[in-house]
Each structure stands twice: as structure tokens, then as C-alpha cells.
Amino acid sequence: DFYSNILGMEQVAVGEDMVCVRYTGNVVEDEVDGKKRSVGGVSITLVFTTLPTTADEGGEKVELDHGTFFDHFAVDTSSLDVAKGILKETGKEDCVFMEPTEMFGATLMGLMDPNGYKVYLVERKEM
Numbered sequence: 003d004f005y006s007n008i009l010g011m012e013q014v015a016v017g018e019d020m021v022c023v024r025y026t027g028n029v030v031e032d033e034v035d036g037k038k039r040s041v042g043g044v045s046i047t048l049v050f051t052t053l054p055t056t057a058d059e060g061g062e063k064v065e066l067d068h069g070t071f072f073d074h075f076a077v078d079t080s081s082l083d084v085a086k087g088i089l090k091e092t093g094k095e096d097c098v099f100m101e102p103t104e105m106f107g108a109t110l111m112g113l114m115d116p117n118g119y120k121v122y123l124v125e126r127k128e129m
């Protein structure tokens, strides 16, 4: 829900114990040479698997361990104002942990996914 409805990623595979979402940017045809190119960011694929649990048998639910992998990732957006509007419309404003802030020559807004991972939306300045 967060990755599909908030970040606009497409659900490309669903299994009994996993879900795969993908962002591929916008594919456009070049007016000069007719070749198709991806614009609007780098393609990214995320695969989420479920954790083993004994909750079905009355046991304890296994907590997510973030481990020592990634701390955050960043996604390009053309407008943080539009993104904030979508968050407000969908009632997901509580996932914002950092309001739009100027940083590294861009404006960033920090979101926290339902599992506690940080996702930064990045709006770059037009040059």
C-alpha cells in the first residue's frame, strides 16, 4: 500500500510470502532518434518477504530486524507539493518525519515506511 499508493511503484509479483514492487521512471520516445528512454529517475525494484511467525499458533510475532543493510533510499519527484497533497488526501501525513528541507542542492522530504525504513523524496532544482 505505501509503496504502490504513496510512491507510485507498480506491484509486479505477489506470492504467498513475498511482494515485489518496481519503479521504472517514465519511458519516453526521443524525438530525434526515436529510441525509448527512461526519464525521471533510476529504476528500482524492492522485494519484501514475510517473516516467520508463530502468532497463528498463539505464539509471539517475530519482530523485523533492520540489520546492517540500507538505512534509507531516495526517490526523485517532480513536486513535493503534489506529494504532500497525496499524503494529505490519503490520510498518510503521519509518515512524514522530515518536512521539506533544502539539502545537497535539492529539496528533500523524509517519509517512514510502515516497517520503519526511511524514504526520501527528492525534488531537484531546475538548472
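Residues 3 to 129 (our numbering) make up the sequence shown, in order. All C-beta atoms, glycine included, are put in the ideal place defined by N, C-alpha and C.
Quick check: what's the CA-CA separation for aspartate 78 versus glycine 93?
For aspartate 78 and glycine 93, the distance between alpha carbons rounds to 22 Å.
Enumerate in chain order the residues of its own chain whose CB-to-CB distance from phenylalanine 4 is below 6 Å, with the five nearest sequence positions on each side excluded.
So the list reads Asp115 and Pro116, once near-sequence residues are dropped.
Does the distance from the C-beta atom of threonine 47 to that of methionine 20 stay below 8 Å?
No. Outside cutoff.
If I follow the unbroken alpha helix (DSSP H) through glutamate 18, where does it start and stop?
It is not in any alpha helix (DSSP H) - glutamate 18 carries neither H nor E in the DSSP assignment.
Mind checking which residues open and close the alpha helix (DSSP H) that includes glycine 87?
Glycine 87 -> alpha helix (DSSP H) spans 82-91.
Report the CB separation of glycine 107 from tyrosine 122 in whole angstroms; it is logged as a contact under 8 Å.
14 Å between Cβ atoms; not a contact.
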